[in-house]
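Protein sequences, first through last, are from chains A and B.
Residue 53 is where the first sequence starts when you use the working numbering, and the numbers rise one by one after that.
Residue 491 is where the second sequence starts when you use the working numbering, and the numbers rise one by one after that.
For every residue, glycine included, the Cβ atom is placed at its ideal position computed from N, Cα and C.
Heads up: the structure comes next, in structure tokens.
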Amino acid sequence: DGGITQSPKYLFRKEGQNVTLSCEQNLNHDAMYWYRQDPGQGLRLIYYSQIVNDFQKGDIAEGYSVSREKKESFPLTVTSAQKNPTAFYLCATTKGEYTEAFFGQGTRLTVV
Amino acid sequence: AQSVSQHNHHVILSEAASLELGCNYSYGGTVNLFWYVQYPGQHLQLLLKYFSGDPLVKGIKGFEAEFIKSKFSFNLRKPSVQWSDTAEYFCALAANQAGTALIFGKGTTLSVSS
Chain A
53 DGGITQSPKY LFRKEGQNVT LSCEQNLNHD AMYWYRQDPG QGLRLIYYSQ
103 IVNDFQKGDI AEGYSVSREK KESFPLTVTS AQKNPTAFYL CATTKGEYTE
153 AFFGQGTRLT VV
Chain B
491 AQSVSQHNHH VILSEAASLE LGCNYSYGGT VNLFWYVQYP GQHLQLLLKY
541 FSGDPLVKGI KGFEAEFIKS KFSFNLRKPS VQWSDTAEYF CALAANQAGT
591 ALIFGKGTTL SVSS
């Protein structure tokens, strides 16, 4: 079954801890993206990667880090420097540039 | 930098009413435009897309959108909504410029009462 898998679905962490969200795809898409969704804010771009071993900051990259060592995987680390990490995080892929995105089911992160 | 504006934060309609959700974008070059829908508890799905050609595009579930270049707009329409259309709707833009990413508006929540 082709698709995008985000895990876990729900994640709880204590303040001050780093946490890594997983995103794996088997669509053979080149580009991968991380968005953060907050009520009334829409989807805000955190990081994106259009090829392996390369990635760019989005609008709200501060406090986050990513890696793209494999085409299939684009993990997102929420660091302790992120001031307000509690949110819904969405991973997406596109086959190429300018095309439509496909989304995973999301990870809801709660930091207490 | 490109941006997307959605005018309505929350729209409330009765079943069978007509729907129009506004979307304007800011970018001087060629764009690809999208509408996505997020039903409660589900992941984002593509409703329709515009790349080029006929500015009136039809999508799934009876939705359509019209690209008006002179107004930088891409409004979503449906002649008659159903209760099952209750969802959050997002307009998105991909600028035809190397290295750019898909940018979303803040979304419009549609509530349809039966």
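- Sequence-distant Cβ neighbours of A:Tyr85 in its own chain, meaning closer than 6 angstroms and more than five residues away, are Tyr100, Ala144.
- Ranked by Cα distance from A:Asp82, the options A:Thr146, A:Asp111, A:Gly158, A:Tyr150 are led by A:Thr146.
- Closest in C-alpha terms to A:Thr129, from the list A:Gly115, A:Gln89, A:Ala153, A:Glu121, comes A:Gly115.
- Taking 8 angstroms as the cut-off, the Cβ atoms of A:Gln89 and A:Phe140 count as close.
- Straight across, the Cα-Cα distance linking A:Lys109 with A:Leu142 is about 16 angstroms.
- Contact annotation for B:Lys596 against chain A: Gly92, Gln93, Gly94 [CB-CB distance below 7 angstroms, chain order].
- Nearest Cα to B:Asn498 within the set B:Asn514, B:Gln572, B:Ala491, B:His533: B:Asn514.
- Taken through DSSP and simplified to helix, strand or coil, A:Ile103 comes out as strand.
- A buried status is given to B:Trp525, since no fewer than 16 other beta-carbon atoms sit within 10 Å of its beta-carbon.
- A Cβ-Cβ separation of about 18 angstroms leaves B:Val494 out of contact with B:Gly589 under the 8 angstroms criterion.
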